[in-house]
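**Q** Let me begin by handing over the structure; questions about it come next.
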Amino acid sequence: MLELKGIMKKFGNKVILDNVNLTVADGQILTIVGPSGAGKTTLLRCISGLATVDGGQFLLDGQSFDPATNRDNDAVIGVVFQDFQLFPNLTVLQNVTLAPTMVLKKSGQDAESEARTLLKRLNLDGKADLYPYELSGGQKQRVAIVRALAMHPKLLCYDEPTSALDPDLRKEVEQIILTLKQEGMTQIVVTHDMPFAKAIADQMLRVEPKQA
Amino acid sequence: MMHYVSEILPSLISGTGMTLSIFFWTVIVSIPLGILVGLGMTTNFKPLTWVINIYVWLMRGTPLLLQLIFVFYGLPIIGVVFQRYDAALFAFILNYTAYFAEIFRGGLQAIPNGQYESARVLRLTKWQTLRRIVIPQVVKIVLPSIGNEVINLIKDSSLVYVIGLGDLLRAGNVAMARDVTLLPLVLVGIIYLLLTAVCTVALRRLEKHYSYWR
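Residue numbers (the UniProt record's numbering), protein chains in the order written: chain P, 1 to 212; chain V, 1 to 214.
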């Protein structure tokens with residue numbers, strides 16, 4: 001379970017997030033919606049530790065933690081970026097196994113067999129040896145999801161997962177997210193796509209732009 | 001004529017040896033140094049970037065010829081004495097490191113921030129990120145510019161004549177002055193062309209090698 005208590009974030013004098021409180025229970029999906037510039041992505045960046053907060057507290061399973069400094073293997077937060085950010089110089093398989101071998105110190109074999117299982121589950125059979133430039137947008141996104149899953153995150157965050165995809169691929173992402181939910185994955189999805197948000201959400205958080 | 005060519009060829013070949021030796025040592029030392037200095041330029045540690053910027057400005061802002069003269073004739077004044085060959089290498093490495101550093105800085109800055117962030121959420125360390133993700137991408141980006149400098153270096157090495165080293169061009173010059181004919185310089189030109197041709201082909205190969213990803 002992830003809890004945010006009184007999260008504050010400022011850029012200079014401009015308050016972006018003011019006293020954000022939320023709770024995501026295990027296996028639940030929280031969608032964060034709101035207009036552009038409201039701070040949705042900023043909130044996600046704070047949760048995933050890419051931005052520091054100016055106040056407030058994060059709790060994971062009741063334990064206080066700081067995502068920006070956390071290096072503990074037990075509190076992993078996976079992120080699927082809007083533009084995927086696969087590593088272009090590595091194959092699909094290497095993209096997935098890089099962190100498990102280097103960070104989790106898994107053996108190459110273990111990491112590879114796990115990666116292949118995950119790739120298969122997300123319909124990426126036969127793509128393991130391709131480079132990211134050889135993949136379609138939807139395939140890149142699935143690789144990004146697999147790459148995050150291979151680190152066994154407690155929580156998986158998505159930033160605008162439908163924005164870079166064709167409309168008919170939206171259903172597919174929806175399906176993936178709901179399948180992962182069935183497997184017990186806790187997920188946070190930032191999106192401005194309301195129908196999509198409604199289709200997947202257990203809980204919806206609306207972020208509004210703050211007046212400076 | 002063939003007789004004359006075979007007569008001066010040994011001295012030209014020995015000059016080529018000097019040219020190649022300056023070339024190889026400069027490339028081998030300057031490129032790794034250039035990566036380090038280039039990394040230094042992209043840090044947020046102001047005093048360091050300051051010092052590096054002044055260094056790069058000096059090296060790129062003055063003629064290499066002048067730098068050679070300063071190293072060999074100027075540094076002894078403050079008690080630093082180099083042999084001719086060492087002086088030449090020192091000046092070339094100092095000069096080319098600055099150019100390579102600028103190229104690597106550009107390459108490093110071309111890597112999108114998202115790559116660092118995506119490595120960070122996978123909890124790779126800074127060093128792992130650099131080694132496995134950033135440097136391989138930078139190498140591919142900078143290869144054409146590095147190639148340009150490397151070709152320049154072959155020709156720039158002829159500047160060592162100014163401190164009395166016997167390189168290829170100097171060997172040709174000596175023969176020309178002695179025998180009052182331009183033929184040695186034609187040969188010198190041909191040898192330079194061959195050297196740069198080999199480099200060009202090697203660099204193309206290298207670029208092709210890195211074309212397996214985009």
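Beta carbons are placed, not taken as given, at the ideal position from N, Cα and C, and that holds for glycine.
Closer than 8 Å by beta-carbon distance: list the chain V residues that pair up with Gly78(P), in chain order.
**A** Val121
**Q** Taking 8 Å as the threshold (beta carbon to beta carbon), is Leu124(V) in contact with chain P?
**A** yes
**Q** Contact between the region 155-166 of chain V and the region 184-193 of chain P is defined here as three or more beta-carbon pairs at a separation below 8 Å; is this criterion met?
**A** Result no; under three Cβ-Cβ pairs closer than 8 Å.
**Q** I'd like to know if Pro136(V) contacts chain P, where contact means its C-beta is closer than 8 Å to some C-beta of that chain.
**A** yes
**Q** Classify Ala202(V) as buried or exposed, calling it buried when 16 or more other Cβ atoms lie within 10 Å of its own Cβ.
**A** It counts as exposed.
**Q** For the beta strand (DSSP E) that contains Tyr212(V), what are its first and last residues?
**A** Looking at the DSSP string, Tyr212(V) is not in any beta strand (DSSP E), and its letter there is neither H nor E.
**Q** Hey, is the region 25-45 of chain P in contact with the region 116-129 of chain P, meaning 3+ C-beta pairs nearer than 8 Å?
**A** no
**Q** Pull out every residue of the region 39-73 of chain P whose Cβ sits closer than 8 Å to any Cβ of chain V, in chain order.
**A** Cβ proximity to chain V below 8 Å picks out Ser48, Gly49, Leu50 and Arg71 from the region 39-73 of chain P.
**Q** Among the residues of its own chain, which have a CB less than 6 Å from the CB of Asp193(P), if the five just before and after it don't count?
**A** Thr162
**Q** Based on the DSSP output, what are the partners of Tyr158(P) in its beta bridges?
**A** Looking at the DSSP output, Tyr158(P) sits in a beta bridge with Val80(P) and Val189(P).
**Q** Of all the residues that make up the region 80-95 of chain P, which are near chain V by a beta-carbon distance shorter than 7 Å?
**A** Using a CB distance below 7 Å, the part of the region 80-95 of chain P facing chain V consists of Phe81, Asp83, Gln85, Phe87, Pro88 and Asn89, ordered along the chain.
**Q** Would Val51(V) be called buried (16 or more neighbouring beta carbons within 10 Å of its own) or exposed?
**A** exposed
**Q** Report the neighbours of Ser118(V) on chain P: residues whose CB is nearer than 9 Å to its CB, in chain order.
**A** Val79, Phe81, Phe84, Gln85, Leu86, Phe87, Ala144 and Arg147
**Q** Taking the alpha-carbon of Thr52(P) as reference, which of Lys181(P), Val80(P) and Asp66(P) has the nearest alpha-carbon?
**A** Asp66(P)
**Q** For a cutoff of 8 Å on Cβ pairs, would you count Gln128(V) as touching chain P?
**A** yes
**Q** For Asp18(P), name the three-state secondary structure that DSSP assigns.
**A** In the displayed model, Asp18(P) falls within a strand according to three-state DSSP.
**Q** Span of the alpha helix (DSSP H) holding Val33(P)?
**A** Judged by DSSP secondary structure, Val33(P) falls outside any alpha helix (DSSP H) and instead within the beta strand (DSSP E) spanning Ile29 to Val33.
**Q** Inspect the beta-carbon positions of Val146(P) and Val96(P) and report whether they are closer than 8 Å.
**A** Against a cut-off of 8 Å, the Cβ pair of Val96(P) and Val146(P) comes out as a contact.
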